[in-house]
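**Student:** Residue numbers (our numbering), protein chains in the order written: chain A, 1 to 127; chain B, 1 to 533; chain C, 1 to 121; chain D, 1 to 165; chain E, 1 to 83; chain F, 1 to 268; chain G, 1 to 92.
Idealized CB from N, CA, C, for every residue including glycine.
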Amino acid sequence: MALSTIERFLLTLTLYNLLVTAAVSIYGIVARPSLTKKIISLTILGDSLNVLAIFIGFRVFSIPPELVSEVELERFVGLAVDPLPQALVLTAIVIGLAVTLFLVFLALQVYRLYGTLDTRRIRELRG
Amino acid sequence: MHAVAVAPALLVAVAFTLPLLSLKVRRAKLFHGVTLATTSAVLVLTVYNYAYVSSSGRPLVYRMGGWPPPLGIVYEVDPLSALLAAYTALVLVAVVAYSSWYLGEDSGLPYYYALLLGLEAGLIGIYYTGDVFNLFVMIEVLGITCYGLVAYYRSTKEAVEASFKYAFFGAIAGLLYFLAAVLIYASFGNLTMGFVAAFSRPTYRLIYWNVASTLIWGNITAATGAVLALSLWTFTFKAGVFPNHFWLPDAHPAAPTPISAVLSGLVVNAGAYAAVRFLYTVFGVFDPLSEFYELSGYVKAVLMAVGAVSALFASVMMVVQTDVKRLIAYSTIMHLGLVFTGFSLGTPEGVGASVYHMLTHAAGKALLFMSAGVAIEVSRTRRIAELRGVGRVYKLVGLSTLLSCLSLVGLPPLAGFFSKLVLYQAYVQSGHFELIAVLLTSSAIALLGYFKVLYPIVLGQPPVGSEVARLRGFGLAAALLIPLVLIVVLNPPVVGGILEQVSRAVTDPGKYIDEALNSFINYVSRLYLTSGG
Amino acid sequence: MIEEVVRYVGLAIVVAGCSVNLIGAIGLNRFRNFYLRLHAATVSTIGGTFYPLVGLALVAFSSSELGSARFFMGGVLLVAAFLLLMLAPAGSHALARATHRAGVARPEPAIADHLSEDRGG
Amino acid sequence: MRRYVPVALLVFVVYIVFSGSVSPYDIVIGAVLAVAVSALTTRFLVSDGGKALSLRRLANLVKYALYYLTVAEFKAHSLVIRIILSRDMPVRPAIVRVPYRAKNPYTIVGSANSITNTPGTVVVDLDTGRSVFYVHWIRAVGLDPETTYREILKVFEEGLSKVFE
Amino acid sequence: MDVTLLLLALFSTVGLVFTYLAVTERDLVRAVVYSAVQSSVYAVLLYLLRAPDIVLVYIPVSVGLYPATLLFLIGKTERVDGE
Amino acid sequence: MRRVIVAVSIAAFTALLAYATTVAGALGYLGLETRALARMFLALAYNPNLRELTAMSPAAVAAIVWDFRGVDTLYETVVFYMAIISALAIYRGVHKVGGGGSVGLSLIVRVVTKLLIPMNIAIAVSIAVHGHLTPGGGFQAGATLAVVSVLLAVVYSVNSFSRVGVEVSKAVALQSTGLIAIAAVVFTPLIYGVLTGAQAYLMQNYVKVDSGFHFPAEVLGQLISGTLIWLNIAEFLAVSFGFFTVFMLLSLREEVVKQPLLGEGHGS
Amino acid sequence: MTPVELVLVYVALPLLTISSVLYLLVVYRGPTISDRVLSADVFFYTFTLFFGIVGLLLGSPVMVICTVVLVLWAYALDIYVAKYLERGELGD
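Structure representation (structure tokens):
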């Protein structure tokens, strides 16, 4: 079975959208001065890469990798999507959450010490 | 053989219990004791592993949970990883002893030690793991503990800001490595380093045609290009070399001194190790048998440029510093630059020399940070001009400052001299005379910098009264003695054999690949026998 | 037989609810004012989501080809519908109150605003 | 003791419906969970245990829910949908006072949620001191308290009073 | 043809648009709301990609906890990004 | 100028990545079939016929997360724990919780939130204990229960935590308890191996060809998938109280934390 | 395709998709922050229904467990934006 042209187009479009999202968020990380905005962009970057990871395990006409009692094993193996990227992404999401939580605590402390979250002003204040 | 898996797991298990313990007991000695006991136990385990691996002559594969490789995670320990892990554990024992002197009765002790144990678990996990994605997880364990420890002095501006910068760019680096790991899975169809390495070599692909044709799922050449670009960015970030060094001179000085010693001495090695593992073992960029051998020219040029620029740039920056810890941090960038130039050669000599340099640098840098830390604690400032001459009162500190500086500069008969000599020989052998110029120039410039540190600590105004009382401490002497012995002992007659074994294992990863594949094949054949019989 | 009836009743509810949802979406676009939009939002949540969820639960309960998992699906949908019925009004009330207190949006045009009168005077 | 029952029942029912199974495993875990959660949270949730276990109140609740989910919602929806679909959107918005008589917080909250859940009326604020809801009404027919009470609140409050008061 | 492909393409485009909005918006509270919407769109993508496990952890983390912590942060610090 | 360079380099890198993934085909046969390894996982996740290779969990993702690649998840939990420990290290020395009455949101929100809590606990526990059968698991359940901690912090106040009976020290203790339970489950096979002299691996769940150790897969006919259920429950405990700790720290008042967090000068 | 699936695919899903795009339009246009959050909220609630329908269509009923989580967190988003607007900060 091969994919039709329109199906391949839609898949490629999705993939490119995800890559461009990652690029836009990296631009946000670099270009925006506020630390809060940088953290928001970082979370978006993580999200887009996670979805990309799930996307490589995707296949059309499929079912999720959960074996319900009524489905036979052979049909399940033949139809289900790839479970491994999902497990990897689960790990990545938790790690991203941990780092982001810590970054928020740090940003609060930065604000307590400097009185601002604007990187340019922080650089000035540090001398 | 279980020692491989137990070492990091034991560390995190103890780290889990420390906050619970702190609710019942408030005595600082308990935390010092528990942590010291744990790190010592891990030292025993890692040394045992090293002995096992080096005597058996083959890498050790531990199947986590009993699962065979492509299904489960394996820890694969070859001489390089075993050596680095054992060395790390040894230096960390010294650091924990130093921490017991440095922190005393600090209120955040359980958190500090939990993070330190997590850091050690992350380091040993990075060295031991044989799985591409598990490496990502361990990098993040290492990362988050480092960020937390850098921010330990939360009320100083520079610590918090440095930690934020480190954590933020560390998070981006981690994400990029995650993408690299996913791309490896996408094209190679599995995540075990040994398997990926086997599939990068056409000969192995032919021999294990069955496995390879089933698992490989995409264009591995295209994927490898992207993976190398992404993962090298991450590894150079972790190692703190030139284009990605920007966080290091802020973060290393801001941490508590024992942590500065760990970060500068040990954590940067993890980045260098991971780069070597990927370049030499997994993708075999310098291995003529590999499909990606044609990339070696580019990789060589990139690594060489990175290493040379960081060595020269950092040595110049060292001289202009007025803050003693910043100066030492720049010296770290310089030494890691030299390590990367050694790795860029692609020869066994270059690898051996670089690993040797990593070891001597770790000991020397830890020792220098710890002895300079004594002076900083006593004189309550980090400005070089105002440091007290602690060396006049406490001879051990003076001696260790002197020896560590001389070792880092590379004066005989200390370890640093020999490692630079071996590095020099490696350059000569592969005909890269421009690197010799880099080595000599950076060392000469750095000499000025080291003398800026050496002079006030050894010969400066001696401390008086209450400042001297601060110098008493059992842990301090023990902490300084371990790396001191190391920089005296690590000379070619002692380590020559070890390094040869290591460099052979790295440049010829045949055994590494064989063991990973064997682990899978053994399992499958035994399964077949039991079910068939 | 009874299964078929339940299934088609559920399906009818789902289809009607989706249309109501679309009407709510149009209303959300057409109204000029936050407080008026609240009513369109209520149309979307209750008529456009709560009832179809219940209808979908009916469809799920009557789909015997799903096996025992249909009870799981129906149960989850019912719990979701119940939570929606409980939480959605509280949420929009909290939002409306905060908006009024913070003065983010004025309830204009309005023929009377007793809340502003009572809080102002 | 009786006041612990309603929370336990709620937890147990939610657990079983959500799990969608009545296997012994789920029943055991659900029961243990119900007891534990009830022991932990009842003191914040239920003040009077006597009212909690009356079947008549439960029947009233069911009756109210049936009326509310069919008649009241249908009327309100048809009004607002007509407004949305008409060309000129004929609205007469106002924020009006609606006095309430209930004392029990569950009655107050239940009737407030009922008001908000019917399109056309949204509780913007409430004043427990004066016993007044402030309701945003999309087509106000009158502003005096009697009219608003009769038009907006009466049915809901009377229905719910039989359950909670 | 699998109808999920159409929805995937549509919602990934929507996600891109909202990423752009969140990155360029100067009012941080609005940016947080945009990023929450973007996350929910991504949750739909994940759901269409047959990853219910991920959706179950992604929604709390990305739609719930990130905006919560970020609003805590904004509430304690400043609301405007840049000049 | 700098921004233009940054934008151009990002765009160039993205274009290269797009080229590698689609035209050059690094992702393989996108959308058509699953990889061989994936088929292996799917076939082995629940397969009582292959005793030495199965994880006995119908939810393939849960099987990978806690059994096939359990070490990843163990250290992922460590990352989460270390982040909270780092936050606690930043907030060390903050003892007094801010006083003062809470002026929360309106009565309606408060009552609804109060009612939500027991239902939410029921839902979260259901997600946790069915983690090996349906989508869900320890972290998912903990994150679902995080609604409670967020809403307690937002709707009520930080005092409400102590009224409910959760304090920072208690939450940390419960989190540690959950993590120690995970560590205990992880180390059990090894301890068994040391005691009996049999071969057993760290984090082992079922029999392997060279090891006979196994956790019970079924109890009284109910599938519990060996370690999976215990790990899920322990992780649930750890994660939910981790979130409690986080939001307790976040909702502390600035006046309370400012003095201890800025007061001491250290290390110079 | 069974009639149920036909109706769901060709009637329910298009309707829901159009209305969700309309909600997103309000999120983009809405003059005030409250408008944005309100329509984001309705968008989330609509997606619970969407999740249910897709789960039924894919023949995998276990997937719908995600709907509950979405409802819970949509409420939470409302509450913290409301609290932010009312008090200027979250927390105590």
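Note down, in chain order, every chain B residue with its Cβ under 7 angstroms from the Cβ of A/L18.
**Tutor:** In chain order: nothing, as chain B lies at least about 11 angstroms away.
**Student:** At least one CB of chain D closer than 8 angstroms to the CB of C/R7: is that the case?
**Tutor:** no
**Student:** Does DSSP put F/G267 in a helix, in a strand, or in coil?
**Tutor:** For F/G267, the predicted structure reports a pLDDT of 40, less than 50, and the residue's modelled location is therefore unreliable. The matter cannot be settled from this model.
**Student:** Considering only C-alpha positions, which residue in the set D/S47, D/V135, D/Y100 is nearest to C/S116?
**Tutor:** D/V135
**Student:** Starting from the Cα of F/S177, find the closest Cα among B/V309, B/T17, B/M193, B/A151 and give me that residue.
**Tutor:** Ser is not the amino acid found at residue 177 of chain F; the sequence shown has Thr there. Comparing Cα-Cα distances from F/T177 to each of B/V309, B/T17, B/M193, B/A151, the minimum goes to B/T17.
**Student:** Put B/W247 into one of helix, strand or coil per three-state DSSP.
**Tutor:** coil
**Student:** Excluding the 5 residues preceding and the 5 following B/G533 in the sequence, name in chain order all residues of the same chain whose CB lies nearer than 8 angstroms to its CB.
**Tutor:** Here the model assigns B/G533 a pLDDT of 45, short of 50, so the residue's position is not dependable and the matter cannot be decided.
**Student:** Between B/G65 and the rest of its own chain, which residues show a CB-CB distance below 6 angstroms, the 5 nearest in sequence each way excluded?
**Tutor:** G72
**Student:** Consider the Cβ of A/L113: report whether some Cβ of chain B lies at a distance smaller than 8 angstroms.
**Tutor:** yes
**Student:** Could you compute how far the alpha carbon of C/S64 sits from the alpha carbon of F/A234?
**Tutor:** 36 angstroms
**Student:** If you count every other CB in all the chains shown that lies within 10 Å of the CB of E/F18, and 16 or more means buried, which is it?
**Tutor:** Within 10 angstroms of the beta-carbon of E/F18 lie 16 or more other beta-carbons, which makes it buried.
**Student:** Give the residues of chain B in contact with A/G46, contact being defined as C-beta atoms less than 7 angstroms apart.
**Tutor:** L175
**Student:** Listed in chain order, which residues of the stretch 77 to 89 of chain C have Cβ atoms closer than 9 angstroms to some Cβ of chain F?
**Tutor:** V79, F82, L83, M86, L87, P89
**Student:** With H, G and I counted as helix, E and B as strand and the rest as coil, what does DSSP make of A/Q109?
**Tutor:** Here DSSP, grouped into helix, strand and coil, assigns A/Q109 to helix.
**Student:** In terms of residues, what are the limits of the beta strand (DSSP E) holding B/W209?
**Tutor:** No beta strand (DSSP E) contains B/W209, which is instead part of the alpha helix (DSSP H) from 209 to 215.
**Student:** Would you tell me roughly how many angstroms separate the C-alpha atoms of C/G27 and F/A87, rounded to the nearest one?
**Tutor:** 46 angstroms
**Student:** For B/G533, which of helix, strand or coil comes out of DSSP?
**Tutor:** Low per-residue confidence applies at B/G533: pLDDT is 45, beneath 50, and the placement is therefore not dependable enough to give any value.
**Student:** For B/R537, which beta-bridge partners are listed by DSSP?
**Tutor:** This structure does not reach residue 537 of chain B, given that chain B is present from 1 up to 533, and the question cannot be answered.
**Student:** Can you name the residues that DSSP bridges to D/F133?
**Tutor:** D/V98, D/L126
**Student:** At a Cβ threshold of 8 angstroms, is F/S251 touching chain G?
**Tutor:** So yes, F/S251 belongs to the interface.
**Student:** CB-CB under 6 angstroms to B/G540, same chain, minus the five flanking residues each way: which ones, in chain order?
**Tutor:** No answer is possible for residue 540 of chain B: the residues shown for chain B start at 1 and end at 533.
**Student:** Which residues in chain E sit within 8 angstroms of F/V150, going by Cβ to Cβ distance?
**Tutor:** G64, L65, A68
**Student:** Counting only beta-carbon separations shorter than 8 angstroms, does D/T41 have a partner in chain F?
**Tutor:** yes
**Student:** Rounded to whole angstroms, what's the CA-CA distance from C/F34 to B/V299? Just pull it up for me.
**Tutor:** 60 angstroms
**Student:** Would A/L79 pass as a contact of A/I63 if the rule is Cβ separation under 8 angstroms?
**Tutor:** yes
**Student:** Using a Cβ-Cβ cut-off of 8 angstroms, state whether A/T43 counts as contacting chain E.
**Tutor:** Answer yes: the Cβ-Cβ gap between A/T43 and chain E drops below 8 angstroms somewhere.
**Student:** Looking at the unbroken alpha helix (DSSP H) that takes in F/W66, where does it start and where does it end?
**Tutor:** Neither: F/W66 is in no alpha helix (DSSP H) and is coded neither H nor E.
**Student:** Have a look at the DSSP bridge pairing and note the partners of D/L10.
**Tutor:** According to DSSP, D/L10 bridges with nothing at all.
**Student:** What do you reckon, are the CB atoms on A/S25 and A/S4 nearer than 8 angstroms?
**Tutor:** no
**Student:** Report yes if the CB atom of G/V54 is closer than 8 angstroms to the CB atom of C/L11, and no otherwise.
**Tutor:** Not closer than 8 angstroms, so no.
**Student:** Three or more beta-carbon pairs under 8 angstroms between the stretch 365 to 376 of chain B and the stretch 403 to 423 of chain B, yes or no?
**Tutor:** yes
**Student:** Three-state secondary structure (DSSP) at B/G431?
**Tutor:** coil
**Student:** Going by CA-CA distance only, name the one from B/V227, B/V25, B/G465, B/G148 that's closest to B/E105.
**Tutor:** B/V25
**Student:** Going along the chain, which residues of its own chain have a beta-carbon closer than 7 angstroms to the beta-carbon of B/M138, five neighbours each way excluded?
**Tutor:** G122, G125, I126, T129
**Student:** Compare the C-beta of F/I191 with all C-beta atoms of chain G and state if any pair is closer than 8 angstroms.
**Tutor:** no
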